[in-house]
Amino acid sequence: MEMKEIIRGNMATALAAKMARVEVVPAFPITPSTLFPEKISEYIANGELDAEMILVESEHSAMSAAVGASAAGARVATATASQGLALMHEILFIASSMRLPIVMAIGNRALSGPINIWADHSDTMAERDSGWMQFYAENNQEAFDLMLMAFRIAEDRRVLLPAMIGLDAFTLTHTMEPVDYPSQEEVDDFLPPYNPPYTLDVKRPMTFGSFATPDSYMEFKWAQTVAIENSYKVIDEVFEEYKKRFGREYKRVSGFMTEDADVVIVSMGSASGTLRDAVRRMRKEGMKVGAVKITTFRPFPFKEIKELTKNAKIIAVAERAISPGFGGPVAGEIATAFINEKERPLISDFIIGLGGRDITQKDFKYIAETALKEAESGEVSPWVKWVNINPEEVPPGGE
Amino acid sequence: MYEVRFHGRGGQGAVTAANILAVAAFKEGKEVQAFPMFGVERRGAPVMAFTRIDEKPIDVKTLIYNPDFVVVLDPTLMEVVNVTEGLKDGSPVIINTKKNPEEFNLGNYKVYTVDATTIAVENGLGTPMSPIVNTAIIGSFARVSGIVKLESVIEAVRELSPVKKEENVKAAEMAYKAVKGL
Amino acid sequence: MVKIYLGAVNPHPGSALEYKTGSWRTMKPVVNEDKCIGCWFCYMYCPDSAIRMEKVTVKKEVRGEVKEIVKEVARIDYDYCKGCGICAAECPVKAIEMVYEEK
């Protein structure tokens, strides 16, 4: 039986955690994710959720407690954003290398500085290499569904890796939208209790996260990489099962009007809906534009991106993060997907919507037009283009 | 797609007004989206909140630049912010004020007024110094816009009011009747 | 080598015993059991827990009569003693002497 409620993005991820019957939630509040621990503590206080909430003194401790609880065999969820995620940095690598299926909701928010609380992907992009799976939600429904599915995927014995679900600050975390959710019985049937291969147990002592010398460290890293490569298949299986059970379809990457598109614009997160709307409008004007939405950024969908963009003259990547001295991280990875192909579209990088700057249909039109010009001339230069900025606003330096 | 912008001051309930409208329209089978102007809300500072209503699922996630309707929860905001900025030509504006619509000169826009403050205070919602007028003014909105039925608004008000449910319902009903400018 | 499992889990408790650190030593402590008064100081100070206290029966002349008495003495576990010399430095009756391993 499906139920529908109008809730905020943070409430959707908290609801998914509750329905997943999480056992431990160590959390430290941070804008824009604060509502997650608030809702969890409300669920516990109301008796709706039987879980231990650990109130810690920092995000570093929150993730450390999550590691301990997960090693003890508990199903663990938490939430953070921006500086909080950055403070967790070193423990993120420990969680993934210890193969602990912790699930974390991230209110994607710009990293300081200047200090800013609004949406972009710089926080999770900085954790691309942490060994966590990364999913990006387009709306609150996706935030709920991906959060719930993440437990199944993460806890699968072929994977056993942590996962983070990105939901854009405010645009999703604070926006009320209708969200469908299944009954508790249906969720219980979909998601059995976590059955860890090893647990901290005083009756059967073990060492967790032990020291590895040059003799074995590389093998552990290799095993971890095999596991995240296994997750491609596991994610597809879980998405498929979810569709059968609950009727909502998910893909690691989805295309929209890509078949005959000259320019395909790639996006992640909440801007993807606006992008589809922009594509519909541009199509009416006769522009051959398509859209690709990346839902699963880690593991990176090399094959599917190539498949969806194979007919395009140019791929324009609209991304909400910047690696100074390189460009946008997503465009760099898409370029890698094509590097050994003889026939390949041009790839062009657009930086957009940093620090919560609104991303509009007009911005996507500018991207499409610029990319089409590049496709005509055959030259993508410069590689990185900044969308909707006023260069006079801030002096770049120099004299 | 129907887009509504609410102007209020931090603490007056503009964000809740946007949510009540979304829930009311949702009860009538519409697709909805409600969000605050993203930022650092402070009590007394001018704030905005938005509601989108549509028959189809709502894809767009941009801010609302050209609303179809503007609701002003605090008359003093008329001096501070340009409440009609981007409002579609000839569209309606509801202002919470003791004044009559004719006393406002907003050019081509249709002005409606309602004394939501008095209605709120009469029903014990907030204090005369800081009345909570959101539930009342949504009643007026239902009347003027015709986008949602009063019954749906009442259901939504009952659902979203943490306390004084019936007082809030009463305020919505009273403000539905008390709109001037129709 | 101890087999280590997924996520660097080592499910064998006490497996550190397999690493015999006694081979790191250049000097070793030798206890003079006649001098040792069984005070447990060396036991407390040993950073590698490589000292055991054991009960021994010794013959001792008490008022002209030879009696068998039981006393505690320190015994070194040379499998794990790294030869740091802390026990010799701390012994209040100088009953422990550090001697070169090499003969």
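Residue numbers (numbering that gives the first Met the number 0), protein chains in the order written: chain A, 0 to 398; chain B, 0 to 181; chain C, 0 to 102. Think of the CB as a built atom: it goes at the ideal place given N, C-alpha and C, for glycine as much as any other residue. Fair warning: this is a prediction, and the values are worked out from it, not measured in the lab.
- Rounded to the nearest whole angstrom, the CA to CA distance from Q11(B) to G6(C) is 53 Å.
- H120(A) sits in coil when the DSSP states are folded into three classes, being neither helix nor strand.
- Under the Cβ criterion of 8 Å, M2(A) is not counted among the residues facing chain C.
- When DSSP states are grouped into helix, strand and coil, Q82(A) belongs to the helix group.
- Around the C-beta of M128(B), fewer than 16 other C-beta atoms lie within 10 Å, and the residue is accordingly described as exposed.
- P35(B) sits in a strand when the DSSP states are folded into three classes.
- The way I'd put it, the segment 77–87 of chain B doesn't touch the segment 17–28 of chain B; fewer than three beta-carbon pairs between them come closer than 8 Å.
- Only N18, A21, V22 and F25 from the segment 11–29 of chain B bring a Cβ to less than 7 Å from some Cβ of chain A.
- Not a single CB atom of chain C sits nearer than 8 Å to the CB of P213(A).
- The segment 47–60 of chain A and the segment 14–28 of chain A touch, with no fewer than 3 CB-CB distances between them shorter than 8 Å.
- Distance from the CA of V70(B) to the CA of D114(B), rounded to the nearest whole angstrom, comes to 13 Å.
- A contact between stretches requires three or more CB pairs, one per stretch, nearer than 8 Å, and the segment 286–300 of chain A fails this requirement with the segment 376–392 of chain A.
- F169(A) belongs to the set of residues whose beta carbon lies under 8 Å from a beta carbon in chain B.
- Against chain B, the CB of A367(A) has no partner CB under 8 Å away; the residue lies outside that interface.
- Neighbourhood of I234(A) in chain B, by CB distance below 9 Å: empty, with the nearest CB roughly 24 Å away.
- Taking 7 Å as the upper bound on Cβ-Cβ separation, chain C lies near no residue of the segment 336–352 of chain A.
- Between S253(A) and T294(A), the alpha-carbon positions lie close to 8 Å from each other.
- Within the DSSP bridge table, the entry for I93(B) names V70(B) and Y111(B) as partners.
- If you draw a straight line from the Cα of E228(A) to the Cα of R251(A), it is about 13 Å long.
- Assigned with DSSP and collapsed to three states, T15(B) falls in helix.
- Contact annotation: S347(A) and A315(A) have beta-carbon atoms nearer than 8 Å.
- Close partners of F34(B) in chain A (Cβ separation under 8 Å): F169, T170, H173, T174 and M175.
- Here the segment 20–40 of chain C makes no contact with the segment 144–163 of chain B; the two share fewer than three CB pairs at distances below 8 Å.
- The DSSP assignment places no complete run of the alpha helix (DSSP H) inside the segment 8–43 of chain C (cut-off: 4 residues).
- The CB of I6(A) never comes closer than 7 Å to any CB in chain B; the least such distance is about 10 Å.
- Shown here, D200(A) sits in coil according to DSSP, grouped into three states, outside any helix or strand.
- Any Cβ of chain B closer than 8 Å to the Cβ of T273(A) would place that residue at the interface, and such an atom is present.
- Here DSSP, grouped into helix, strand and coil, assigns P100(B) to helix.
- Three or more Cβ pairs drawn from the segment 264–280 of chain A and the segment 355–363 of chain A lie within less than 8 Å of each other, which places the two stretches in contact.
- In the DSSP annotation of this structure, I321(A) is not part of any alpha helix (DSSP H), being labelled neither H nor E.
- Looking at the DSSP output, H88(A) shares a beta bridge with no other residue.
- Taking a beta-carbon distance threshold of 8 Å, I358(A) counts as an interface residue toward chain B.
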